[in-house]
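Data first, discussion second: the structure below is written as structure tokens.
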Amino acid sequence: MHDPEHHHDEHEHSHGADHGHHHGPFQKDHDTGPAGAYEVLEEAIRSLLIEKGVLTAQEIAAQVDLMDSRTPALGAKVVARAWVDPGFKRRLLKDTRAALSELGIDIGTLAEFRTVENTPKVHNVIVCTLCSCYPKMLLGIPPAWYKSLAYRSRTVIDPRGVLTEFGVELPKDVEVCVHDSTADLRYLVLPMRPKGTRGWSEAELASLITRDSMIGTAVVAPPSEPASRERAAS
Amino acid sequence: MVKRWERRAVKPATAARFTRGDRVRVAARPVLGHCRTPWYLRGKTGVVAAVHGPFRDPELLAYHKPGLPARVLYKVRFKQGDLWGRYLGPASDQLEADIYEHWLEPAK
Amino acid sequence: MSEPERKNTPRKGAGGRAVHDIGGLTFGPIDRSEHDLALWEKRTDAMLILLRDNKRSILSVDAHRRVIESYGEQEYDRIAYYEKWIRAIRNLLVEQQVLTRDEIEARVAEVRAKHEKTGRKAPKERVPW
Chain L
95 MHDPEHHHDE HEHSHGADHG HHHGPFQKDH DTGPAGAYEV LEEAIRSLLI
145 EKGVLTAQEI AAQVDLMDSR TPALGAKVVA RAWVDPGFKR RLLKDTRAAL
195 SELGIDIGTL AEFRTVENTP KVHNVIVCTL CSCYPKMLLG IPPAWYKSLA
245 YRSRTVIDPR GVLTEFGVEL PKDVEVCVHD STADLRYLVL PMRPKGTRGW
295 SEAELASLIT RDSMIGTAVV APPSEPASRE RAAS
Chain V
28 MVKRWERRAV KPATAARFTR GDRVRVAARP VLGHCRTPWY LRGKTGVVAA
78 VHGPFRDPEL LAYHKPGLPA RVLYKVRFKQ GDLWGRYLGP ASDQLEADIY
128 EHWLEPAK
Chain H
436 MSEPERKNTP RKGAGGRAVH DIGGLTFGPI DRSEHDLALW EKRTDAMLIL
486 LRDNKRSILS VDAHRRVIES YGEQEYDRIA YYEKWIRAIR NLLVEQQVLT
536 RDEIEARVAE VRAKHEKTGR KAPKERVPW
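Protein chains in written order, with our numbering: chain L, 95 to 328; chain V, 28 to 135; chain H, 436 to 564.
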């Protein structure tokens, strides 16, 4: 549950590597720790806006809870459906908004979504060089590295080098396509379905699909279970 | 203040200038204020991969203006070998970006 | 060929690359460590979403970006993601005449004093305008 009294330690830098600071792991509940200038500013702004009736504490808390509730599981569900249902996959690639609404997902009016498909010939990777646009509705909040100067600057000019850092090596005959989210479109990568998943249910498939595979900085690895293990179709 | 929900339901002032498959060059001109055309694409030539349709102009929205006339937005595809002096990968690698019509010119 | 690091590229005033427009530069290795957001960061995110919704329409994501893009290069590279955000929200609230600079500064002073009293060390640094 949301706890308004829950204080955190010093404010974090979301992209630690860019300015050479070393940061320890996030520490919770240190209400004797220093309150950074920006944390103080946030409290000042929030309290003024609440006093003036611009926002309410309840609205802010509800929005924080909504943000916390969004995880890559929703994106994984979409991908798993596309893997088992070729018609859905076609519709997802053609009109992502409409296909998502089939699953009861309303992406709202602030942005459009597009889906790009990884194939044996093409590997897609998403970046926003200008800020950090990201399909939050499907994947939750972006990881710090996605928002980092390093990722934003290098992915367009050296995507294969970036992918190598993420442990993804692609042969030269696979085309790498970088998508820079420069406008109001958000991109979801539809990763390739790995071998060894024949007959798996959507839920089982979804459990394999990682956030990074939907950004394009990972592929979905084949399951580790032996191929002889039987799985009932859903 | 313009309501965000109106953002997509706009008509452009004129018909879309480009269509899928057109070769286009990204303008190389100075920018005043907010701009969503990245520096690394200015002056580069690519191909229209998709026509996204009209959107309010972010360069005006950034200053609390309604963002009209709406601009047609395009997905433009570039060869990485054309973007970077010595691209560290196969020349067949691609890059796509979403560019507003007023930043595009016809290219041969 | 990679482009030179930022410090060798022309500034925006010279018609060159803007501070946020970093595609093709080569900032260092990617730090892949992950951690939760602090509560104040989540609230900052929440306030931006609420301030731009239909009920309020006080600012847009475009205006928010525009303000962040106006930061100097040192600040842009150095200050953290949500630090950029809350500073821009503050500036836009003043720009849109929802709050005044004076009342913000007064409230900041009160919050700092409150933290001092409860034993949380108050920061010396101020958030620049």
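C-beta atoms are modelled at their ideal positions from N, C-alpha and C, and glycine is treated no differently. Given the structure is predicted, the values throughout are model-derived calculations rather than measurements.
Assigned secondary structure, residue i (DSSP; H/G/I helix, E/B strand, else coil)
i: residue 209/L; result: strand
i: residue 550/H; result: helix
i: residue 42/V; result: coil
i: residue 52/V; result: strand
i: residue 95/L; result: Reliability of the predicted coordinates at residue 95/L is poor, the pLDDT of 40 falling under 50, and the value obtained from them is presented with this limitation in mind. The answer is coil: DSSP assigns residue 95/L none of H, G, I, E or B.
i: residue 274/L; result: strand
i: residue 506/H; result: coil
i: residue 98/V; result: strand
i: residue 111/L; result: Here the model assigns residue 111/L a pLDDT of 36, short of 50, so the residue's position is not dependable, and the following value carries that caveat. In the structure shown, residue 111/L sits in a helix (DSSP, three-state: H, G or I).
i: residue 469/H; result: coil
i: residue 322/L; result: Note that residue 322/L has pLDDT 38, beneath the 50 cutoff, so the model's placement of it is unreliable and the number below is only indicative. Coil.
i: residue 61/V; result: coil
i: residue 516/H; result: helix
i: residue 558/H; result: coil
i: residue 267/L; result: coil
i: residue 232/L; result: helix
i: residue 130/V; result: helix
i: residue 189/L; result: coil
i: residue 220/L; result: strand
i: residue 125/V; result: strand
i: residue 279/L; result: strand
i: residue 460/H; result: coil
i: residue 103/V; result: strand
i: residue 257/L; result: helix
Neighbour list for residue i in chain L, Cβ cutoff strictly below 8 Å
i: residue 557/H; result: 128, 129 and 134
i: residue 529/H; result: Neighbours of residue 529/H on chain L: none; closest Cβ ~10 Å, over 8 Å.
i: residue 477/H; result: 158, 161 and 162
i: residue 123/V; result: 271, 272, 273 and 274
Of the listed residues the options, nearest to residue i (C-alpha basis)
i: residue 50/V; options: 104/V, 129/V, 114/V and 86/V; result: 104/V
i: residue 560/H; options: 315/L, 310/L, 135/L and 308/L; result: 135/L
i: residue 273/L; options: 76/V, 122/V, 59/V and 111/V; result: 122/V
i: residue 544/H; options: 284/L, 302/L, 133/L and 288/L; result: 133/L
i: residue 302/L; options: 318/L, 186/L and 226/L; result: 318/L
i: residue 312/L; options: 230/L, 256/L and 190/L; result: 256/L
i: residue 264/L; options: 245/L, 297/L, 171/L and 310/L; result: 310/L
i: residue 541/H; options: 129/L, 142/L and 238/L; result: 142/L
i: residue 551/H; options: 316/L, 129/L and 299/L; result: 129/L
i: residue 252/L; options: 47/V, 93/V, 88/V and 115/V; result: 115/V
i: residue 47/V; options: 72/V, 76/V and 109/V; result: 76/V
i: residue 259/L; options: 266/L, 248/L and 267/L; result: 248/L
Residues that residue i contacts on chain H, provided the C-beta gap is smaller than 7 Å
i: residue 270/L; result: Residues of chain H passing the Cβ test: none, with the nearest at roughly 15 Å.
i: residue 65/V; result: 456 and 458
i: residue 231/L; result: The premise fails here: residue 231/L is roughly 12 Å from chain H at the closest Cβ pair, so nothing lies under 7 Å.
i: residue 237/L; result: 469
i: residue 149/L; result: 482 and 485
i: residue 61/V; result: 497, 500, 501 and 504
Segment limits, beta strand (DSSP E) that includes residue i
i: residue 82/V; result: 72 to 82
i: residue 483/H; result: Where residue 483/H is concerned, there is no enclosing beta strand (DSSP E), although the alpha helix (DSSP H) it sits in stretches over 474 to 486.
i: residue 118/V; result: Premise fails: residue 118/V is in no beta strand (DSSP E) and is neither H nor E.
Where residue i meets chain V, residues with beta-carbon distance less than 9 Å
i: residue 252/L; result: 111, 114, 115 and 116
First through last residue of the alpha helix (DSSP H) which encompasses residue i
i: residue 109/V; result: 107 to 110
i: residue 157/L; result: 151 to 163
i: residue 300/L; result: 296 to 300
i: residue 489/H; result: Element bounds for residue 489/H: n/a, residue is neither H nor E.
i: residue 85/V; result: 85 to 88
i: residue 139/L; result: 131 to 145
i: residue 243/L; result: 243 to 251
i: residue 452/H; result: Element bounds for residue 452/H: n/a, residue is neither H nor E.
i: residue 306/L; result: 305 to 309
i: residue 46/L; result: No statement about residue 46/L is possible, as the shown extent of chain L runs from 95 to 328 and does not include it.
Where residue i meets chain H, residues with beta-carbon distance less than 9 Å
i: residue 223/L; result: 455, 456, 457, 458 and 459
Where residue i meets chain C, residues with beta-carbon distance less than 9 Å
i: residue 255/L; result: Considering every chain present, this structure includes no chain C. Its protein chains are L, V and H.
Beta-carbon neighbours of residue i, restricted to chain L and to distances below 7 Å
i: residue 137/V; result: Since the first and last residues shown for chain V are 28 and 135, residue 137/V lies out of range.
i: residue 534/H; result: 142
Under 8 Å from the C-beta of residue i: neighbouring residues of chain H
i: residue 220/L; result: The premise fails here: residue 220/L is roughly 13 Å from chain H at the closest Cβ pair, so nothing lies under 8 Å.
i: residue 88/V; result: 495, 497 and 498
Contacts of residue i in chain V (Cβ-Cβ under 7 Å)
i: residue 241/L; result: Residues of chain V passing the Cβ test: none, with the nearest at roughly 17 Å.
Checklist entry - Can you find at least 3 beta carbon pairs, one from the region 71 to 82 of chain V and one from the region 484 to 497 of chain H, that sit closer than 8 Å? => result no
Checklist entry - Would you call the region 202 to 219 of chain L and the region 293 to 303 of chain L touching, i.e. three or more CB-CB distances under 8 Å? => result no
Item to check | Given 8 Å, three or more beta-carbon pairs between the region 118 to 128 of chain V and the region 91 to 105 of chain V | outcome: yes
Next on the checklist: Between the region 506 to 515 of chain H and the region 463 to 472 of chain H, can you find at least three pairs of beta-carbon atoms closer than 8 Å?
Outcome noted: no
Item to check | Stretch-stretch touch, CB-based, cutoff 8 Å, three pairs: the region 37 to 45 of chain V with the region 58 to 71 of chain V | outcome: no
Next on the checklist: If contact is defined by three or more beta carbon pairs under 8 Å, each pair taking one atom from either stretch, is the region 517 to 537 of chain H in contact with the region 190 to 206 of chain L?
Outcome noted: no
Item to check | Validate contact between the region 160 to 180 of chain L and the region 232 to 240 of chain L using beta carbons, cut 8 Å, 3 pairs | outcome: yes
Checklist entry - For the region 155 to 164 of chain L against the region 475 to 482 of chain H, are there 3 or more C-beta pairs whose distance is under 8 Å? => result yes
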